[in-house]
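Using this note's numbering, the first residue of the sequence shown is number 4, and each one after it goes up by one.
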Amino acid sequence: MSNNDIIVSLDIGTSKVRAIIGEINNGTFNIIGVGSADSEGIRKGAIVDIDQTVQSIRSAVDHAERMVEIQISEVYVGISGNHIGLQTSHGVVAVSNEDREIGEEDIDRVLKAAEVVAMPPDREIIDVVAKQFIVDGLEGISDPRGMIGVRLEVEATIITGAKTAIHNLLRCVEKSGLKVKDLVLIPLGAGQLALSKDEKTMGSVLVDVGAGSTTLAVFEEGSIAATSTLPIGGDFVTNDIAYGLRTLTDQAEKVKLKYGCALIDSAAPEVVFKVTRIGSNVDKEFTQEDLAAIVEPRVQEIFQLVRQEVKRLGYNELPGGYILTGGTMSMPGVLEVAQAELASSVRIAVPDFIGVRDPGFCSGVGILHNAIKNVRVRSGGATASSNNKKPVNRAKPNPAAAAQESSSEKPGFLERLKNMFSELI
């Protein structure tokens, strides 16, 4: 990446689509623009209507473009869901340089060697994350560049996803007139942003409570160890309010955002609001305590399910505790309920950048954080042009051409296997 670079992340969630523009200026990173739009066509984190999702993406990107007067052409897209899988892998290559100094090319080759694993036809590799490198038997190396060695190995975690979910996501972004620079696993990016080095090493759980789903990511020994998605989130709280107050879902959402409190003890009985009930023209008055009595049991249930899921994944007590993110975490009283239900150290992670100091932006900023960390050699044109804004060419991509391009870029399984053996020999 160059010193003065602009990168854009796209976080497609159940309630909001967020486009976040980041700028790298002489080694420092700043958020310079944020675009947000209501999500249409997404249910519980999965795309159910491509055209509506495309419209939401366009709205969010247009909002971000207007804020900073630049044209966005490439984006890093976040992906998560219950189709995501992790598996460990091992790669080994011989160092190619004559002077045996390990370079960028060797690292790329050893990561590609780790990718050569048996994969079901319905799954695709999203990313390969190096846990550690081994140079001539010496373990625990995080960055071997510049070291001298003959044999380079890597222990890596391969992140895979369902082809259908991946291709539908890419299709939506491409139909919006944008090029996908890379796919980023949201829990991985958010974890790099929200967790300290010690929390990742000792072991901790990142819990992202969104509108339609709750994503868990267990970090151990500095890397992501397990991930899971629960089909429950903030929308369930909204539905409970709608049923409890007998009002419309839209009005229940507004009431939740304005008066919501997850703890009855913290709710104020003097805070009063009115809602229009279904089947009646008369507004009925409720207190914040009435609302908290509906919200608290559901929030308790979410954290009980989180704790059960962490145990199911095989983790009982992690020293780093739980780190919470997601839009639902903005509600007063959530932290206290989480501490009571999870019986561990709990904190809420908030991005430390002007304009995005909200737990709901942790995913979008995490995608940028991951992109900056992982992109080492920049190829192609600039991500965005800061000239006078021109209309974005949102022509429909040619699927045949795209397929031909992708097949020419990615060598087949046999080709990669052949390359790996030729390197070892």
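Think of the CB as a built atom: it goes at the ideal place given N, C-alpha and C, for glycine as much as any other residue.
Listed in chain order, the non-local C-beta contacts of Phe276 below 7 Å within the same chain comprise Val258, Tyr262, Phe289, local neighbours out to five positions each way being set aside. Ranked by Cα distance from Thr91, the first of Ser366, Leu233, Val157 is Val157. Restricting attention to alpha helix (DSSP H) runs no shorter than 4 residues, the stretch 341-380 encloses them at 365-377, ordered along the chain. In the DSSP assignment, Ser231 falls within the beta strand (DSSP E) that extends over 226-233. Within 10 angstroms of the beta-carbon of Pro123 lie fewer than 16 other beta-carbons, which makes it exposed. Under DSSP, Ile326 takes part in a beta bridge, and its partners are Leu209, Arg350. In this structure, DSSP gives Ser59 a helical state, which the three-state scheme calls helix. For Gly247, the enclosing alpha helix (DSSP H) has its first and last residue at 237-248.
With respect to Leu188, Asp130 sits close: the two C-beta atoms are nearer than 8 Å.
In this chain, the alpha helix (DSSP H) harbouring Thr252 covers 252-262.
About 7 Å separates the Cβ atoms of Ala352 and Pro362, confirming a contact at the 8 Å cut-off. Taking a C-beta distance under 8 Å as the contact criterion, Lys19 and Asp54 do not qualify as a contact pair. Rounded to whole angstroms, Gly38 and Val368 show a C-alpha spacing of 12 Å. Taking 8 Å as the cut-off, the beta carbon of Gly36 is found no closer than this to the beta carbon of Gly192. Taken atom to atom, the span from the alpha-carbon of Asp139 to that of Val64 is near 48 Å.
Assignment of Thr163 by DSSP, reduced to helix, strand and coil, places it in the strand class. Note on geometry: alpha-carbon atoms of Phe136 and Gly25 lie some 30 Å from one another. Annotation: Ala117 to Ala133 spans about 9 Å, alpha carbon to alpha carbon. Val212 and Val349 have their C-alpha atoms some 14 Å from each other. Separation of Gly164 and Ile128 (C-alpha to C-alpha, rounded to the nearest whole angstrom) is 7 Å.
Look at the beta carbons and you see the stretch 288-304 touching the stretch 232-243: at least three pairs across the two are nearer than 8 Å.
Rounded to the nearest angstrom, the gap between the Cα atoms of Val274 and Lys178 is 46 Å.
Here DSSP, grouped into helix, strand and coil, assigns Glu339 to helix. For Phe32, the beta-bridge partners assigned by DSSP are Ile27. Between the stretch 212-222 and the stretch 142-160 there are fewer than three C-beta pairs closer than 8 Å, too few to call the two in contact.
For Val132, no alpha helix (DSSP H) encloses it; the enclosing beta strand (DSSP E) starts and ends at 126-138.
Membership of Gly194 in the alpha helix (DSSP H) is indicated by the continuous run 189-197. For Asp293, the enclosing alpha helix (DSSP H) covers residues 291-315.
Shown here, Arg103 sits in coil according to DSSP, grouped into three states, outside any helix or strand. For the set Ile326, Asp8, Ile267, the Cα lying nearest the Cα of Asn29 is the one of Asp8. When the five nearest sequence neighbours on each side are left out, the beta carbons in the same chain lying within less than 7 Å of the beta carbon of Val71 are those of Ile24, Ile35, Gly36, in order along the chain. Remark: C-beta atoms of Ile87 and Ile45 do not approach each other more closely than 8 Å. The shortest CA-to-CA distance from Ala49 to any of Leu172, Val113, Gly106, Ser59 is the one to Leu172. The C-beta distance from Ile281 to Arg249 rounds to 5 Å, short enough to fall under 8 Å. Shown here for Leu114: same chain residues with a beta carbon closer than 8 Å to its own, the five before and five after excluded, namely Gly94, Val131, Ala133, Val157, Ala159 in chain order.
With a beta-carbon spacing of about 5 Å, Val208 and Val221 fall inside the 8 Å limit used to define contacts.
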